[in-house]
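Peer 1:
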Amino acid sequence: MKSLKVSRPVVYLGLIAVAVAAFLLTEEEPARKSTTKPKTVASKPGDRSAFTEEDYKATFEPVSGPVKNSFQPLVLRYGGLDAGLLTPNVVPLEFAGGEPNWALTGIAYVDGVPTALIENSSTGEGFFVKHGDQFKASTVVRITPNSVVLSGPGGIAKTLTIVTEAFGAYAAQSPAPLDVGPAANRALTGEITVTPEANTTPTTPPQGSEGGNEN
Numbered sequence: 029m030k031s032l033k034v035s036r037p038v039v040y041l042g043l044i045a046v047a048v049a050a051f052l053l054t055e056e057e058p059a060r061k062s063t064t065k066p067k068t069v070a071s072k073p074g075d076r077s078a079f080t081e082e083d084y085k086a087t088f089e090p091v092s093g094p095v096k097n098s099f100q101p102l103v104l105r106y107g108g109l110d111a112g113l114l115t116p117n118v119v120p121l122e123f124a125g126g127e128p129n130w131a132l133t134g135i136a137y138v139d140g141v142p143t144a145l146i147e148n149s150s151t152g153e154g155f156f157v158k159h160g161d162q163f164k165a166s167t168v169v170r171i172t173p174n175s176v177v178l179s180g181p182g183g184i185a186k187t188l189t190i191v192t193e194a195f196g197a198y199a200a201q202s203p204a205p206l207d208v209g210p211a212a213n214r215a216l217t218g219e220i221t222v223t224p225e226a227n228t229t230p231t232t233p234p235q236g237s238e239g240g241n242e243n
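The sequence shown begins at 29 in the numbering used here and counts up one residue at a time.
1) Within 10 angstroms of the Cβ of Ala124, are there 16 or more other Cβ atoms? Answer buried if so, exposed if not.
2) Drop a sphere of 10 angstroms on the beta-carbon of Gly108, count the other beta-carbons inside from all chains shown, and report buried for 16 or more, exposed for fewer.
3) For the candidate residues Ile135, Thr187 and Ala136, whose alpha-carbon lies nearest to that of Pro120?
4) Considering only DSSP beta bridges, list what Asn148 is partnered with.
5) Any contact between the segment 169-189 and the segment 137-147? By contact I mean 3 or more CB pairs, one from each, below 8 Å.
6) Quick one, which of His159, Val118, Gly183 and Ser150 has its alpha-carbon nearest Lys137's?
7) With a threshold of 16 other CB atoms inside 10 Å of the CB of Val39, please say whether the residue is buried or exposed.
8) Give me, in chain order, the residues of the same chain whose beta-carbon lies closer than 7 Å to that of Phe155; leave out the 5 immediate sequence neighbours on both sides.
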């Protein structure tokens with residue numbers, strides 16, 4: 029019986045095939061890709077805040093003066109058409125706490141400090157006020173040689189001006205009567221007569237007057 033001979037190339041190929049098979053069997057499986065979606069983490073509102081720690085700890089002094097009303101118009105009308113023209117020294121009712129007849133009557137310098145005199149023509153009362161003083165419902169914010177500026181309710185400013193003698197004489201004049209002339213006076217004088225209107229309503233004839241006399 030003859031023995032089976034195997035050539036070396038065949039042996040080498042067999043060994044290589046066994047080695048490759050062993051390598052493939054012992055190699056670890058590749059890691060599978062994760063299909064789970066990453067979770068979204070919501071950031072806190074404080075993380076994006078523009079305020080710093082100093083902003084939260086800051087302190088401010090309280091407002092002591094009158095607060096200006098931003099919704100109040102700058103130009104405001106009080107009284108009639110000639111209220112501001114004929115009485116530039118009269119204090120408005122809103123500035124005097126509703127009391128009438130208060131007016132600026134004089135300005136003088138006392139120890140170098142400008143002082144204004146505000147008087148009431150009805151009661152005879154008077155107040156000497158300086159810059160920063162409180163008068164009724166208003167505050168004196170400025171005094172000039174011939175005017176006083178008051179700050180009233182809502183931050184409204186009112187300038188009172190000293191009335192000069194010429195202006196006071198003009199304002200005190202009473203309106204003169206209308207001169208219609210002598211011709212108009214003669215036409216309006218004399219006896220006034222009334223002429224009755226003619227009666228245009230037709231009258232009804234008496235009964236029996238129509239058709240003549242019967243025989």
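From the three backbone atoms N, C-alpha and C, an ideal C-beta is built for every residue, glycine too.
Peer 2: Let me spell this out:
1) buried
2) Residue confidence is low: Gly108 scores 46 on pLDDT, short of 50, so the model does not pin down where it sits. Its coordinate-derived value is still stated next. That one is exposed.
3) Thr187
4) Trp130
5) yes
6) According to the sequence shown, residue 137 is Tyr rather than Lys. Considering only alpha carbons, the answer is His159.
7) exposed
8) Ile146 and Phe163
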